[in-house]
Every structure is written in structure tokens, then in C-alpha cells.
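Residue numbers (the numbering used here), protein chains in the order written: chain E, 1 to 509; chain H, 510 to 863. Below: the structure, in C-alpha cells.
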């Protein structure tokens, strides 16, 4: 789970209530993937520059039939509250749960629950004691959620871990090192903020909780806590704080990894570390700030990085307890971006999830800014074919009977010259296309493209659209490079096959 | 008489040639997209039909075309009109002018111009776009004109413009558009008209000088102001009236140049447009008008873009004297191609003199 990306998306506001259900993805920005049992669930988001709305949706489908998964129309989507910052997402027991990290004391948790059995959305409230809520030195807002054995677990900083049993609907608090649940009335909250629970992951039958200074592996079956301090087994590395920790579910015993802020050779950096049982300390594994990862079988893991969200590499850890820095083997032959390519750009990777089918193969899901990518028979370390992209694209009428600018209004042109409008159209045949912009007096403002070849939308153009997503664009400037005055502008698309279309764009400056 | 006529023809031809040759100095033009585009289309059916070449002898709507022409008129005039243009653009206008003896003329004009049919705008979801509610673009321009008759041959005029624009810039939580507006007071048009003789008029019109509009932009994150100065233009115009086949005939030429902005900074790419039209009154109560307008004159004259896109307006129209119904009433209709072949522009107006 890519906590860093998910947590940074969105704005904080208040607006509740589900928008309803529809078929197909609501948005192709897949920011989180969750799975349990036979279903896979996606959290997607959309920011609309025109309306300034942040909207989220959960899409889900049984994963047993990959062909079924690959058909976007089979996915059922719930669109729900907007203008909140989603921080994490989990699925299990017929529920999808999204955590929206609000810092408002009165609404410390706005946890959205989607019941897939009844197709309803509701809000789950954690019954914090009012004294704890009012305590300005303690924050109990939830940051992460995971599902394990008919219960959702929420990491709640000073409030520890909250368990919500979906069978009994009972909510209890778990504190690291404390056997058994604690009632909300008696909970005083964790005082030392370095021990606040900030990260929570699930692996096999265990929960891995992370605070800035400690990592715990919790077994719900026997309520046992195993604590791992920040002690480094490498003399050149000092652990400053943990960001999150995970275990490899396919190794036995499960290897424990963490992403941590460290000081190494006098400089601060973020790296991936592995816990050495033999040396009772952490050893560096990857010299990268790993934004998220998922484990494949046989020691393979797929990672993507904080500072390059289009990059993703597959590594294999064959070092057991002897991990030292730089030793994991990068499997560059299976460099994932090459397998995601659909155009001239690599999509941003938001989340990766590997679901094992056999000892050596599984299904790889990659949530990106360009939809869900899927490898139905992924053999870690071997598969190198293109991933299948599942996304929802609204068709455009053929033969230039429909053409529009996306978006129809160009804002912040002067301040932010990266904003553009794209011209969307579909030709009946391959043709040379010219696009020109005119002002209110029909004076020519700019020629966008002139007699450039474009493919027929009905035959070979990507997603049935003839326009080049990266070239058939306007940035709101004139041919001479001046920023256009606010007003209404008109575009004209002409072709050498006689098809033509007109449309409008508002430049709001 | 014949000599005078011949001399006038040569004068008009020479004047036109001078206007055109002057544009040799101009390079590739880029007026498109600069401020004040909504002020550039011709106002009135007669002007539309004659290619927009009406600055030297507007039959009516003098406040717009040439405020110097108000003083020579002995009558009060009221003009009302409307028009539609391609792509949903719409005009609505009215004017009142009157004489203040012995030498003064005054007038007031209001022009609505806008696009009330911004109905094909989409949000910014490229993959799955959603259509937004219909929006509108509105402008209102007022001109208060003063004209003075220096002599029987020389007239001058000045008007002050009040400018207003309204544009959708954001959307509220209900999906309704939020509009931003701009206002400006002080746009100046100045004109001098010289009657060479009864047939020939020459005029210089400076339009939209010193105009400054301030936009109060309503954005999603913050509100802010930006200045916006419609581009000034200078027009050299001529009108020649004579007879053809023994019937009244008029030939007009306008050469409009854009050379600098409202801060007196020279434009990187100056631009000129030539417009010309004729009016022929073969029947007592009925006149025909033809014209070609906005011929862009610059060094791009024969490049591919110019040839592919015939950026001119071709206009035609009629005028009917309706005095048999109401004394002093005249109706005008004009139709023109737009410059991008998206449709036609039409105007219908009525002029009442009393």
C-alpha cells in the first residue's frame, strides 16, 4: 500500500453521503488496491479542475475469473464523499473500508464503509471518549486500515489500534504489549508520541504496526505482541524513525522489512531495511525511499519509489538473514514501466498488489493514473510481457460528429502555464488533421497542428479516439507566445477527408 | 463636373493604394487572442453587408463607427437592431443621436454582445468527460459621443466608452457556474472627418484608446484582479459617392491597423485589415450592399495558412425605406460569412429619423 501517495491526495472538507452505484470504473486514477477472498476492490479518485471537487469511488469485482476482472463494465463502483483526503483502504468480509484522514477533532474519523452485500454506504464512528478527543496533546485520527479474519483494524496514533469486529459490530482498542482489548472509556491514549501507531499492515495472519520508534508484530489469535526496536545491526546506520513495516507472507519465517528514515555516514536518508534475527537489528536492503511494495513468491518483491512514481523495479531477496546494503538483485529485465507502456508516457504508479495462485505464479495488479494494469499469470522474475490495461473510456462520436475540449475552461493560464486543454475527436478514416484556435472575432489565435496524420478512431486509434493526447493541446497562448485575454475562444478541426468540427473553449486566465 | 468626378476617382484610388502600400511595413500579424476581440466585429446590418467598411460614412450607428459623423446630421436618429453570428454569438444594440445647434452633435449607444450558448463545455476528466451546465459570455459596451462641426468640410468627434464583460470562471458546489466580470471606463474613440467635396470623404478614426478593464476573477482558491486592455486600432477610411447607371452609388474603404497596445508598446507583430464595400440604390426605396472585409494584409499573404483559410468576410445586404409606413423609418438587413466558415453572421436593424 502506498501510504505516502494516498495520504497526500485530496483536501479536507466536509461533505457526506454516497452518490450511488454505477458500472465500470468511476475514475481511472486507481490509488489503492485491496483484496480478500475472491474479490478485489479498488479505490479511485478524481480531482476536477473545473469544479475543484475531490471525489472517490470504490470499484469491486470477483477476481476468480481474470477475464471478468479485465472487463471494466463488470466492475461495480460506489462514488462517495468528496473533498476529503483518503489515507488508506481495505477490503474484506464483503466490506470495503476507506479511511479519510481528517484533523478536525469533532470528526476525528470519517470512516466510510461500503457493504457490498447490500450495496449501501455508511459511516463508521469510533466511540472515542470525549476527554481524549478534547486533549490537544493527543490525536486519535485513523491513518491506516487493514482486514484480517472478520475484523478491520485501524491504526489510530495515540489511540493505538482499533479493532472493529464485523460479525459482532464490537469495537475495541488494542495497545502494543497489552494482552486483550481495552475499553474506550478507560483509554488514556499513548503519551509518548514516538510510540503512536502510524502504520499498519497485514501479512498472512499477523498485523505489523509501526510507530516512529518501534515495530510490532501482533498475532490476533493469541494476542501476542513481538516488539522490534530501532536498533541497527549495521554500524554505519542509525535508525531515526520508522515510516512503515511489512513482512513477506511467502517466506517462512516471514522476513520483516521496514522503510525507515536513517542517518548513514552522517547524512539523512530514507531506505528499506530488513530485520536480522541473528544479529537482532536492522540491516539496509535497498538504498531507495520505497513508496510501496508487494511481495511475489520466492523472495521477489515489486517496489515503486517515492521520488519517481513512474518507476517500479522487481527485486529478489535470496540473502536470508545475511542482507547487506545493495545486495538484493534488481531484476531489470522485468522493469515494470516497460510493461505498462501504452503511449508516450509511463503512468504514475499508485499501488501494486500481488495475489499468489501457486507457489510460483499469481496475479499482479498495478493501480496507476491510467487505470488498472493486470497480469493474469505473473511469474515473478520471469514474466516480461505487456500488462493488460483495464480502464473506462467514454466513446466519442465518429466522423467528427462530436469534438470537444477537455477541459472546456482553461484556468490559471498566466500563473500556471502547464495547464492545457486537449481536443478530443474521432475520425472515420485515417486523415491529415489541422486544428486552429480563433478568438471572438474569428481572428486566428494559433495553429495547433497543421496537416498532421491522425488515425481513424474506429479502426486503430487508441481507445477509439483519433486525437494525439500530447500534441493536440492548447496552453492558452497565441502563436506569438502571449497569454490570451480572458474570453471565449473557438477551435476548428479540419481534415483532408472533408470531416470538420467546431467547438468552444473559455479562457478564464 | 466630369473633371471633378474623374479627379475624385483618382483620389480614392490613390488613397486606397497608399493605405495598402503602407501595410508593406507590417509583418506577420497576431492580433487574434489579444484583448478586445469582441469589440472588433462590425455593428449594424449596413456595415456587415459592406464588409465592415463604414468608418468614413456610416449611414447610422455613428457613435460606433465615427463620432465625427453625428454633427453633420440635421435630424435626430434612433436605431435599434439585433443579430446572430456563427457559433452562437449574438448582438443587440441601440443608439440615439441628436443635433445641438449650431455645431454640436451628441449621441449614446449601447451594445450587447456575447455568446449565450456556451453549452458544449466539459469538465477536465479526459477519459470520462462530463458535460457542464450551460454558461454564457456577456459583454455590454456603451459609448457617449460628442461631435463638433468645425466647418462645412471638417468635423471631429470623440466618444467615451464604458466596457463590461462577464465570463464563467469557476463552478460552485451545486455545479452552477460562478462568473467573473470586468469593467472599464474611459475607452476613447476619436475621429476626424474631412469632406473633400460632396462626393468624397476621408476620415481617420482612433478606436479603443486608453481603455483599461479590470477583471475581478473569482477562482476556486483565491480571488484576484487582472488588468485587461483592449487593443487600440487606427483606421484610415474613405467614402466615395457618385452615380452608377444614373443611380446613387457609394464605395467605401477602411484600412484598420493594430500597431501598439494600450501602454504604447509596439506590438511584436503589427497587423492591418482592409475592408471595402459598395452600396447601389437602383430603386427609390431599395438599396443593395456588397462588401468584403477583414482582408488581412501582411507578409503572410500567400503562405499556406493564408491560402487554406480564406480569412475574409464576404457580405451582402439590403436596405428598405419604410417611409410609406412610418415617415423616416428604414430597415436594413445584412448577411456575411464569418472568417472561419462556421456559419453566417446576420444583422437586422431599424433606423428612425425625425
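Glycine included, each C-beta is placed from N, C-alpha and C at the ideal position.
Check, Outcome
"Return the residues of the region 485 to 506 of chain E that lie within a Cβ-Cβ distance of less than 9 Å from chain H, sorted by chain order.", "485, 486, 487, 488, 489, 490, 492, 494, 500, 502, 503, 504, 505, 506"
"So the beta strand (DSSP E) residue 760 of chain H belongs to, where does it begin and stop?", "756 to 769"
"Compare the C-beta of residue 43 of chain E with all C-beta atoms of chain H and state if any pair is closer than 9 Å.", "no"
"Say whether chain H places a C-beta atom closer than 9 Å to the C-beta of residue 269 of chain E.", "no"
"Quick one: what does DSSP say residue 478 of chain E is sitting in, helix, strand or coil?", "coil"
"Using the beta-carbon of each residue, which ones in chain H are nearer than 7 Å to residue 50 of chain E?", "632, 633, 641, 680"
"Go to residue 865 of chain H, then tell me how far its alpha helix (DSSP H) extends in each direction, as first and last residue.", "This structure gives no information on residue 865 of chain H, because the portion of chain H shown stretches from 510 to 863."
"Is it buried or exposed for residue 386 of chain E, if we count other Cβ within 10 angstroms and need 16 for buried?", "exposed"
"Given that a residue counts as buried once 16 or more other Cβ atoms are within 10 Å of its Cβ, and exposed if not, what is residue 698 of chain H?", "buried"
"So with Cβ pairs under 9 Å, would you call residue 848 of chain H a contact of chain E?", "yes"
"Report the option in E/58, E/94, E/149, E/127 whose CA atom is closest to the CA atom of residue 171 of chain E.", "E/127"
"List the residues of chain H that residue 445 of chain E touches, going by C-beta distances under 7 Å, in chain order.", "541, 542"
"Indicate the three-state DSSP secondary structure (helix, strand or coil) for residue 547 of chain H in the structure shown.", "helix"
"Between which two residues does the beta strand (DSSP E) containing residue 51 of chain E stretch?", "It is not in any beta strand (DSSP E) - residue 51 of chain E carries neither H nor E in the DSSP assignment."
"In terms of alpha-carbon separation, which member of E/463, E/256, E/506 lies closest to residue 278 of chain E?", "E/256"
"Considering only residues of the same chain and omitting the five flanking positions on each side of residue 325 of chain E, which have a CB-CB separation below 6 Å?", "Low confidence applies to residue 325 of chain E: its pLDDT is 49, below 50, so where it sits in the model is not reliable enough to give any reading."
"Buried or exposed for residue 860 of chain H, please, with buried defined as at least 16 other CB atoms from any protein chain shown within 10 angstroms of its CB.", "buried"
"Would you check if there are 3 or more beta carbon pairs closer than 8 Å linking the region 630 to 637 of chain H to the region 655 to 672 of chain H?", "no"
"Residue 348 of chain E: beta carbon under 8 Å from a heavy atom of the ligand MG?", "The ligand MG is absent from the structure shown, which contains no ligands of any kind."
"Is it a yes or a no for the region 719 to 731 of chain H touching the region 674 to 689 of chain H, going by three-plus beta-carbon pairs under 8 Å?", "yes"
"Report the CB separation of residue 489 of chain E from residue 507 of chain E in whole angstroms; it is logged as a contact under 8 Å.", "6 Å"
"Taking beta-carbon pairs under 8 Å, can you tell me which members of the region 392 to 421 of chain E lie near chain H?", "392, 393, 394, 404, 405, 406, 407, 408, 409, 411, 412, 414"
"Within the 9 Å Cβ cut-off, does residue 573 of chain H reach chain E?", "no"
"Is the Cβ of residue 85 of chain E closer than 9 Å to any Cβ of chain H?", "no"
"Are residue 594 of chain H and residue 854 of chain H closer than 9 Å when you measure CB to CB?", "yes"
"State the Cα-Cα distance for the pair residue 289 of chain E and residue 309 of chain E, rounded to the nearest angstrom.", "11 Å"
"Any beta carbon of chain H sitting closer than 9 Å to that of residue 479 of chain E?", "yes"
"Spatial neighbours of residue 183 of chain E within its chain, please: C-beta separation below 8 Å, excluding the five flanking residues on both sides.", "172, 173"
"Give me the chain E residues within the contact set of residue 719 of chain H, using Cβ-Cβ distance strictly less than 7 Å, ordered along the chain.", "In chain order: nothing, as chain E lies at least about 17 Å away."
"Tell me residue 44 of chain E's beta-bridge partners as DSSP assigns them.", "E/30, E/57"
"Which residue from H/564, H/569, H/565 puts its Cα closest to that of residue 858 of chain H?", "H/569"
"Where does residue 332 of chain E sit, in a helix, a strand or coil, going by DSSP?", "Unreliable placement is indicated for residue 332 of chain E, whose pLDDT of 44 sits below 50; no coordinate value is reported for it."
"Of all Cβ atoms in chain H, is any one closer than 9 Å to the Cβ of residue 228 of chain E?", "no"
"Check the Cβ-Cβ distances between residue 441 of chain E and every residue of chain H, and say whether any is below 9 Å.", "yes"
"Could you give the first and the last residue of the continuous beta strand (DSSP E) run that contains residue 710 of chain H?", "709 to 718"
"Between E/97, E/503, E/212, which has its C-alpha nearest residue 115 of chain E's C-alpha?", "E/97"
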